[in-house]
Each structure stands twice: as structure tokens, then as C-alpha cells.
Amino acid sequence: MSCSSNEKIDRYDFSNNIDKYITEVKKIENPIPPNTPLTDCDEYSNIHSLGNKEKANILCNNFSRLNKFLVSIKSEIHNYCNFLNYWFNSELSQALFSKNDSISDVYIGMETYLYTNQEYSPLNCELCNIN
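Its first residue numbered 519, the sequence shown is counted upward by one per residue in the working numbering.
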């Protein structure tokens with residue numbers, strides 16, 4: 519799914535809080551210790567490899583950690599979904615992922631697997647391809 523023209527403009531309004539987001543993204547980019555990956559992400563990456571099973575697993579685990587942060591700030595910062603949309607677009611634009619998957623499908627797929635995890639709280643964001 520692509521963003522409409524008006525949505526594209528609004529998708530970047532998270533930049534007012536960009537320093538806070540950058541700090542958190544740097545934290546989640548650290549290698550995931552081998553004993554901590556979510557089983558849900560293992561299951562997700564086995565079925566939805568996005569062209570690269572290992573990268574799909576890393577993306578899912580990073581999304582899970584980023585989601586935890588965004589849930590913690592969503593009452594004070596209201597454009598967290600826009601940042602999440604930007605982050606997903608950035609991650610999936612890497613050459614290691616298949617170009618056939620829409621941002622929305624990947625996000626919904628991960629949420630489906632993570633939803634059963636008691637530590638996961640859904641953000642209910644509507645994501646789209648920025649292009």
C-alpha cells in the first residue's frame with residue numbers, strides 16, 4: 519500500500535523528536551544476544567523470510583524492541599506511527615529484502631506473530647510504502 523500525497527507530507531512530522539528516535543534506534547541496532555531472540559520472531563522468519571530468513575528474524579526482533587520503546591512514549595509523543603513507518607521503509611529498502619512485500623503486510627505479519635507474546639503491546643499504526 520502506498521501513501522497518498524497528503525499522507526506522505528505528514529509521514530515526516532516525527533522529525534521534531536528525531537534525536538529521541540535516533541537514540542533508541544541505535545540501541546536496538548546492537549547485535550541481539552544469541553539467547554534472547556523472541557521465539558515468535560523465529561516462527562515469523564521461518565514463514566515470511568522476506569528474501570532473507572536471518573535478516574527477517576533480526577528485523578522482527580528489532581521491531582519488537584522498537585515497539586516496546588514506542589509504546590512507552592506514545593502518550594507524550596503522538597507521531598510515533600510516522601516514525602515507525604519511516605523506520606520500516608528504511609529497513610525494507612535494503613538490498614537484502616525482497617521488493618515484493620509491502621510495508622503494511624510485513625508490519626501486520628510481525629504483529630500477528632508477536633501478539634501472542636505477553637510483553638508485546640500493539641501500536642495499531644497504519645503503515646504504507648513511502649517510495
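In this text, a Cβ means the ideal position worked out from N, Cα and C, and glycines have one as well. Predicted, not measured: the structure shown is a model, and the values here were computed from it.
Proximity below 8 Å, CB of residue i to CB of residue j
i	j	result
Leu610	Val589	no
Tyr633	Glu561	no
Asn647	Leu556	no
Leu645	Phe606	yes
Member of the options whose CA lies at the smallest distance from the CA of residue i
i	options	result
Gly569	Gln612, Cys559, Phe606, Arg583	Gln612
Glu637	Lys544, Lys538, Asp558	Asp558
Ser639	Lys538, Ile591, Asp537	Ile591
Proximal residues to residue i (C-beta, below 7 Å), its chain only, five neighbours per side dropped
i	result
His566	Ala574, Gly627
Glu629	Pro640
Straight-line Cα distance separating residue j from residue i
i	j	result
Asn564	Phe601	27 Å
Leu641	Ser622	13 Å
Phe587	Asn618	28 Å
Leu584	Val543	7 Å
Leu577	Ile595	23 Å
Ser523	Lys571	Residue placement at Ser523 is poorly supported in this model, since its pLDDT is 49, which falls under 50; the coordinates still yield a value, given next. For Ser523 and Lys571, the distance between alpha carbons rounds to 33 Å.
Ile536	Tyr604	11 Å
Ser593	Ser582	18 Å
Cβ shell of residue i (< 6 Å), same chain only, five flanking positions each side left out
i	result
Cys599	Cys643
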